[in-house]
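For the sequence shown, the positions run 1 to 172 when full-length UniProt numbering is used. Ideal Cβ placement from N, Cα and C applies to all residues, glycine included. For clarity, every value in this text was computed on a predicted model and none was experimentally measured.
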Amino acid sequence: MASIAQASATISDLQIELSTYWMQNSSEITTQKQAHTTAELATNLILERTGLGSTLAKNTVPASTTTTTAGSTTTKSAHRDPVDRLEKHILDYIHHCTQHVKKVAETRVQLAKAQMAEFKALEDFEQIATPSQWNIHVLLKPKMKAWSTKNKNYRTVLKRIEYDLPPKFISN
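Shown next, in the form of structure tokens:
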């Protein structure tokens, strides 16, 4: 739990650092937008003078209309959009990299529920079992334990063969 809280605090710290970074670079972003708009206008002028502008002008939207309609809201969203995208990528990465932890935790919960159900069934059996049934239970318990161990080892060996891994006594 401490590592999750620490990771959450680190992410929050990074979010704050990113937002201050984007706020400090607002003039640089505005300059880049102006340069981009100027480049688009220059391209449109060149295309119109060469005669290619008539075919391309129908498909493109003039840059001046996009910049004047946005106004001051573009400045705030321009700072926030890259931060939001970066946050989304970071969260997707964290989600992708921690899926195995979620799966392990769910498996443990399912195993605990199954063990709890088995224990309750054993308690119920102890209360209602006759002496002969209890003797059979005591007789079969070590045999079932041995079978369970053999079955587990057999499955492990099958997986090692499937993945073409050497036996444990060779690899250790």
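Check: Let me know the secondary structure DSSP gives Pro-82 once reduced to three states.; Outcome: helix
Check: Out of curiosity, what's the CA-to-CA distance linking residue 187 and Met-144?; Outcome: Nothing about residue 187 can be read from this structure; the chain reaches only from 1 to 172.
Check: Is the distance from the Cβ of Arg-80 to the Cβ of Trp-22 below 9 Å?; Outcome: yes
Check: Just to check my reading of the structure: His-11 and Ile-90 have Cβ atoms closer than 8 Å, yes? What is that Cβ distance to the nearest angstrom?; Outcome: Here residue 11 is Ile; the residue named in the question, His, does not match the sequence. Yes, they are in contact, since the Cβ atoms of Ile-11 and Ile-90 sit about 7 Å apart, within 8 Å.
Check: Measure the beta-carbon distance from Glu-87 to Gln-15 and round it to whole angstroms, keeping in mind my assumption that it falls under 8 Å.; Outcome: 6 Å
Check: Whole beta strand (DSSP E) runs in the stretch 106-130 with 3 or more residues, listed along the chain?; Outcome: none
Check: Excluding the 5 residues flanking Thr-43 on each side, which residues of the same chain have their C-beta closer than 6 Å to its C-beta?; Outcome: none
Check: What's the gap between the Cα of Asn-153 and the Cα of Pro-166?; Outcome: 14 Å
Check: Note down the Cα distance separating Ile-4 from Lys-103, rounded to an integer number of angstroms.; Outcome: 16 Å
Check: Alpha carbon to alpha carbon, how far is Cys-97 from Arg-108? Give it in angstroms, no decimals.; Outcome: 19 Å
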